[in-house]
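**Q** Under the working numbering, the first residue of the sequence shown carries the number 10, and numbering increases by one thereafter.
All C-beta atoms, glycine included, are put in the ideal place defined by N, C-alpha and C.
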Amino acid sequence: MASSYNPPFASRQFFIEHPLTDHKPPKPALSLFFPMYNEEGNIEEVVTSAVAVLSEIADEYEVIVVDDGGRDRTGEIADRLAAANPRVRVVHHASNQGYGAALRSGFAAATQPLVAFVDGDNQFDLGELPVLLRAIDGVDIVSGYRIRRRDPVLRRLNSFLYNQACRLLFRIPIRDVNCAFKVYRRQVLDGMLPRLRSTGALINVEMLARARKMGARVREVGVHHYPRETGRQTGGNPAVIVRAFRELLELWRELW
10 MASSYNPPFA
20 SRQFFIEHPL
30 TDHKPPKPAL
40 SLFFPMYNEE
50 GNIEEVVTSA
60 VAVLSEIADE
70 YEVIVVDDGG
80 RDRTGEIADR
90 LAAANPRVRV
100 VHHASNQGYG
110 AALRSGFAAA
120 TQPLVAFVDG
130 DNQFDLGELP
140 VLLRAIDGVD
150 IVSGYRIRRR
160 DPVLRRLNSF
170 LYNQACRLLF
180 RIPIRDVNCA
190 FKVYRRQVLD
200 GMLPRLRSTG
210 ALINVEMLAR
220 ARKMGARVRE
230 VGVHHYPRET
240 GRQTGGNPAV
250 IVRAFRELLE
260 LWRELW
């Protein structure tokens with residue numbers, strides 16, 4: 010059954026370009042989660058860094074690992090980290106369900122008023138999270154954009170074409186739709202999660218497109234991006250690319 014959620018911000022401008030201020034807001038209550046698939050080489054450093062950062066900047070916090078049915082030791086290491094720290098929790102998928110399903114599980118598991126997610130591949134600097142948290146003032150979603158993307162050429166080209174298609178089809182004025190460094194207000198998620206359908210790479214587009222239709226406000230913030238040092242990327246796989254563009258058109262038919 011479709012959600013009857015009617016956001017109080019339904020008439021607001023979608024994309025906000027107001028400059029950020031230097032004021033320091035009160036420490037937030039924050040959930041931070043990491044979707045992971047076969048990230049045994051990254052998980053310990055990522056989770057340890059997250060706990061260190063959040064212990065300094067957040068009043069209340071939790072770190073959630075979503076183990077998307079990987080075949081390596083990601084889930085085992087996550088359970089060990091959670092056993093050692095009550096602030097760390099783990100969501101396990103019995104089998105690989107896809108990136109979108111991992112994000113949906115992370116959002117559903119989060120309990121705090123602000124919910125952030127970062128990919129578990131260690132390509133972002135969690136020390137930049139305070140910049141995104143300052144940017145949430147006056148908006149509903151903060152979306153990072155990679156200042157200089159450190160990925161292979163084919164992956165960057167695919168991303169450029171994909172972002173242009175999103176602008177054309179959904180009128181989303183975001184330069185880096187799939188940047189995996191975002192912060193959402195719980196209020197927006199509560200109205201959106203029951204409607205989400207994507208279980209794959211389309212999830213970020215679907216969330217921003219639905220946010221636009223809901224009247225939510227978004228601000229972009231530049232973040233640094235670093236080369237992957239361990240693990241394997243799947244976004245450059247031709248089959249993944251073709252499926253992503255096909256799903257993009259299917260979502261457009263549904264929403265428009």
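Would you check if the distance between the CB atom of residue 191 and the CB atom of residue 125 is smaller than 8 Å?
**A** Counting from 1 along the sequence shown, the entry for residue 191 is found at position 182. Counting from 1 along the sequence shown, the entry for residue 125 is found at position 116. Yes, Cβ-Cβ distance for residue 191 and residue 125 is below 8 Å.
**Q** Considering only their Cβ atoms, is the gap separating residue 227 from residue 148 smaller than 8 Å?
**A** Taking the first residue of the sequence shown as position 1, residue 148 is located at position 139. Taking the first residue of the sequence shown as position 1, residue 227 is located at position 218. Yes, the Cβ-Cβ distance between residue 148 and residue 227 is below 8 Å.
**Q** What residues are listed by DSSP as bridge partners for residue 98?
**A** Within the sequence shown, residue 98 is the residue found at index 89, counting from 1. Note: residue 98 sits in a beta bridge opposite 73.
**Q** Identify the continuous alpha helix (DSSP H) that holds residue 170 and give its terminal residues.
**A** Along the sequence shown, read from residue 1 onward, the residue named residue 170 stands at position 161. Its alpha helix (DSSP H) spans residues 162-179.
**Q** Check residue 15 in the structure and name its three-state DSSP category.
**A** For this step, residue 15 is matched to residue 6 along the sequence shown. Caution applies to residue 15, whose pLDDT of 46 falls short of 50 and renders its modelled position unreliable; the value that the coordinates give is listed next. It is coil, neither helix nor strand.
**Q** If you draw a straight line from the C-alpha of residue 89 to the C-alpha of residue 109, how long is it?
**A** Position 80 of the sequence shown holds residue 89. Position 100 of the sequence shown holds residue 109. Whole-angstrom Cα-Cα distance: 25 Å.
**Q** Within 10 Å of its beta-carbon, does residue 77 have 16 or more other beta-carbons around it, so buried, or fewer, so exposed?
**A** Locating residue 77 in the sequence shown gives position 68, counting from the first residue. Buried is the call here.
**Q** Start and end of the beta strand (DSSP E) containing residue 256?
**A** For the purposes of this step, residue 256 is taken as the residue at position 247 of the sequence shown. Run containing residue 256: none in the beta strand (DSSP E); it sits in the alpha helix (DSSP H), 247-264.
**Q** Terminal residues of the continuous alpha helix (DSSP H) containing residue 186?
**A** Here residue 186 is taken as the residue at index 177 of the sequence shown, counted from 1. First-last for residue 186: undefined, no H or E at that position.
**Q** In the DSSP output, what is residue 35 paired with across the bridge?
**A** Translated into positions along the sequence shown, residue 35 becomes position 26. None, per the DSSP bridge assignment.
**Q** Our contact map puts residue 156 next to residue 231 with C-beta atoms below 8 Å; I'd like the distance itself, whole angstroms only.
**A** If you number the sequence shown from 1, residue 156 lands on position 147. If you number the sequence shown from 1, residue 231 lands on position 222. About 5 Å separates the two Cβ atoms, so the contact holds.
**Q** Quick one: is residue 168 buried, meaning 16 or more other Cβ sit within 10 Å of its Cβ, or exposed?
**A** The residue you call residue 168 lines up with position 159 of the sequence shown. So residue 168 ends up on the buried side.
**Q** Please report the straight-line C-alpha distance between residue 205 and residue 253, rounded to a whole angstrom.
**A** Within the sequence shown, residue 205 is the residue found at index 196, counting from 1. Within the sequence shown, residue 253 is the residue found at index 244, counting from 1. Residue 205 and residue 253: Cα-Cα distance of roughly 16 Å.
**Q** Can you give me the C-alpha to C-alpha distance between residue 208 and residue 58, rounded to a whole angstrom?
**A** As a first step, residue 208 must be located in the sequence shown, where it is residue number 199. As a first step, residue 58 must be located in the sequence shown, where it is residue number 49. Cα to Cα, residue 208 sits roughly 28 Å from residue 58.
**Q** Rounded to whole angstroms, how far is the Cβ of residue 75 from the Cβ of residue 55, which I believe are closer than 8 Å?
**A** Residue numbering aside, residue 75 sits at position 66 when the sequence shown is read from its first letter. Residue numbering aside, residue 55 sits at position 46 when the sequence shown is read from its first letter. Actually they do not touch by this definition, with Cβ atoms about 12 Å apart.
**Q** Is residue 212 closer than 8 Å to residue 135 when the C-beta atoms are compared?
**A** The residue you call residue 135 lines up with position 126 of the sequence shown. The residue you call residue 212 lines up with position 203 of the sequence shown. Taking 8 Å as the Cβ cut-off, residue 135 and residue 212 do not qualify as a contacting pair.
**Q** Given a cut-off of 8 Å on the beta-carbon distance, is the pair residue 202 and residue 117 in contact?
**A** Here residue 202 refers to the residue found at position 193 when the sequence shown is read from its first residue. Here residue 117 refers to the residue found at position 108 when the sequence shown is read from its first residue. Their beta carbons are under 8 Å apart, which means residue 202 touches residue 117 by this criterion.
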